[in-house]
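The following block contains the structure:
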């Protein structure tokens, strides 16, 4: 029985090899772009959107072209309003994020480390986690008025739960054998936290921070519905009430850009703390 390949099989193998080489070359070319390759899909979508809008396939009064949206952002910048709205929104998000992370870190660490406190507190927090963000609005307005305090409190609530849940779960999932080995080497409580719990829980904690920041950006829209006269959320609603879809889309685009930039900052900083990890993504 002959082990030689037929001409058709040889041609098929040659095509497969060429396809594999082509894909490898494309992958290498994209990898040379670094983080710029993340812009490829958004740029393609914007080009398609622009062509569809200019060709009349999409009604401009419903979905203005990207060039119109960018022109609106430019007009806001020239008038000096853009930076004012961006600044107040960033202030609310960052302050709410800081408060939410601080409180969540305390509760997450305590409930993750102590089974008794977990059983006492976690059921209540899990029930509060199910409450929609807008349900807090009337209560916060009643308690705190219409100034900055209720807005920041609402954002802090949104940030709290993913950070709390990630940290608590990270601590509870630490390998018991690692803790036992630490005790064998007579590590005290502080040394156990520093050498065992911290390295094991930081990856989960970072995921919680990124999720919490994402919810913070979503909650700021609800927060800026509470009597706000400044902020990107105000611009978004103002565009809807005045029939200016380009203003609404400009606000959405700015939310997306700012959200990505802040998430990228956390991701960059986290890599400085997790450089010791030998994970799959570092080899691809």
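Residue numbers (our numbering): -11 to 272. By construction, the Cβ of each residue, glycine as well, lies at the ideal position given by its N, Cα and C atoms.
Hey, how far is the Cα of residue i from the Cα of residue j?
| i | j | result |
| --- | --- | --- |
| residue 228 | residue 210 | 15 Å |
| residue 161 | residue 185 | 10 Å |
| residue 38 | residue 231 | 21 Å |
| residue 208 | residue 251 | 15 Å |
| residue 188 | residue 54 | 44 Å |
| residue 88 | residue 149 | 8 Å |
| residue 254 | residue 224 | 26 Å |
| residue 262 | residue 190 | 8 Å |
| residue 154 | residue 193 | 6 Å |
| residue 214 | residue 152 | 26 Å |
| residue 63 | residue 178 | 55 Å |
| residue 242 | residue 124 | 25 Å |
| residue 71 | residue 145 | 26 Å |
| residue 91 | residue 59 | 41 Å |
| residue 73 | residue 43 | 33 Å |
Using the beta-carbon count (16 or more within 10 Å), is residue i buried or exposed?
| i | result |
| --- | --- |
| residue 198 | buried |
| residue 32 | exposed |
| residue 173 | exposed |
| residue 41 | buried |
| residue 203 | buried |
| residue 143 | buried |
| residue 128 | buried |
| residue 158 | buried |
| residue 97 | buried |
| residue -11 | Any reading at residue -11 is ruled out, since the residue's pLDDT is 44, under 50, leaving its predicted position unreliable. |
| residue 220 | buried |
| residue 201 | buried |
> Counting pairs of beta carbons, one from the segment 157 to 174 and one from the segment 113 to 133, are three or more of them closer than 8 Å?
Replying inline: no
>> Could you tell me which whole alpha helix (DSSP H) segments of length 4 or greater appear in the segment 123 to 163?
In response: 136 to 160
> Is the segment 130 to 149 touching the segment 66 to 83, taking contact as three or more C-beta pairs under 8 Å?
Replying inline: yes
> Which runs of the beta strand (DSSP E) fall wholly inside the segment 59 to 124 and span at least 3 residues, in chain order?
Replying inline: none
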